[in-house]
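Novice: Take a look at this one; I'll ask things after.
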Amino acid sequence: MSPSEAKASGGDSIQENSDLVQTNLFYTLKTRQNRGPLRKLIVYSIVMAILPISGFFLAKGYIVSRIGVDKKYYDLVAGIVAVLLVNVVIVSYIIDAFSEPADNKAEEGKKTK
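What follows is the structure, given as structure tokens:
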């Protein structure tokens, strides 16, 4: 298929639409109203990456050895601590997301209906 045939059949419209989606996503993330939620998502993503791993090694190295757990269970107990920390991060993100103020436009739409 030649470039002129592809253009005639609408081949460029697919490329234009994908560029439009990328531009709109970038624009959406740049808008003032989305800065807070985006910042919150980035912070919780970093915490999700750091907290369980550091909790695993802290539990394995210091906490587990001091509470008298047998050495063969160090990894198991440290893994349980890491899983609990993941759940704490997820629950705190959910609570934080639901405690955000509602969008004014959505509230106005509900009031008028």
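Basically the working numbering = 1-based index in the sequence shown + 172.
We put the beta carbon where it would ideally sit given N, CA and C, even for glycine.
#1: Use the C-beta contact count for Phe-228: other C-beta atoms within 10 angstroms, 16 or more gives buried, fewer gives exposed.
#2: Would you identify the three-state DSSP class for Val-219, choosing helix, strand or coil?
#3: Using the Cα positions of Lys-232 and Leu-201, report the straight-line distance between them to the nearest angstrom.
#4: Tell me whether Leu-257 is buried or exposed, calling it buried when 16 or more other Cβ atoms sit within 10 Å of its Cβ.
#5: So Val-260 and Ala-250 are in contact, right, with Cβ under 8 Å, and what is the actual spacing, rounded?
#6: Hey, could you find the ends of the alpha helix (DSSP H) Ser-251 is sitting in?
#7: With H, G and I counted as helix, E and B as strand and the rest as coil, what does DSSP make of Ile-239?
#8: According to DSSP, is Pro-273 part of a helix, a strand, or is it coil?
#9: Between the alpha carbons of Ala-274 and Asp-247, how many angstroms are there, rounded?
#10: Excluding sequence positions up to five away, which residues of its chain have a Cβ less than 7 Å from the Cβ of Leu-210?
#11: By DSSP, does Thr-203 sit in helix, in strand, or in coil?
Specialist: Once the coordinates are examined:
#1: In the sequence shown, counting from the first residue as 1, residue 228 sits at position 56. Buried.
#2: The residue given as residue 219 occupies position 47 in the sequence shown. Of the three classes helix, strand and coil, the one that applies to Val-219 here is helix, per DSSP.
#3: Along the sequence shown, read from residue 1 onward, the residue named residue 232 stands at position 60. Along the sequence shown, read from residue 1 onward, the residue named residue 201 stands at position 29. Near 40 Å, if we compare the C-alpha coordinates of Leu-201 and Lys-232.
#4: Against the sequence shown, residue 257 aligns to sequence position 85. Leu-257 is buried by the Cβ-count criterion.
#5: In the sequence shown, residue 260 corresponds to position 88, counting from 1. In the sequence shown, residue 250 corresponds to position 78, counting from 1. At roughly 15 Å, the Cβ-Cβ gap does not stay under 8 Å, so Val-260 and Ala-250 are not in contact.
#6: Taking the sequence shown and counting its residues from 1, the one referred to as residue 251 is at position 79. The displayed chain sequence assigns Gly, not Ser, to residue 251. Per DSSP, the continuous alpha helix (DSSP H) segment holding Gly-251 begins and ends at 246–270.
#7: What you label residue 239 is simply residue 67 of the sequence shown in a count that begins at 1. Three-state DSSP puts Ile-239 in coil, outside helix and strand.
#8: Position 101 of the sequence shown, counting from 1, holds the residue named residue 273. The answer is coil: DSSP assigns Pro-273 none of H, G, I, E or B.
#9: In the sequence shown, residue 274 corresponds to position 102, counting from 1. In the sequence shown, residue 247 corresponds to position 75, counting from 1. Rounded to the nearest angstrom, the two C-alpha atoms are 43 Å apart.
#10: Numbered from its first residue, the sequence shown carries residue 210 at position 38. Closer than 7 Å at Cβ, skipping near neighbours: Leu-201.
#11: Translated into positions along the sequence shown, residue 203 becomes position 31. Thr-203 falls in the coil class under three-state DSSP.
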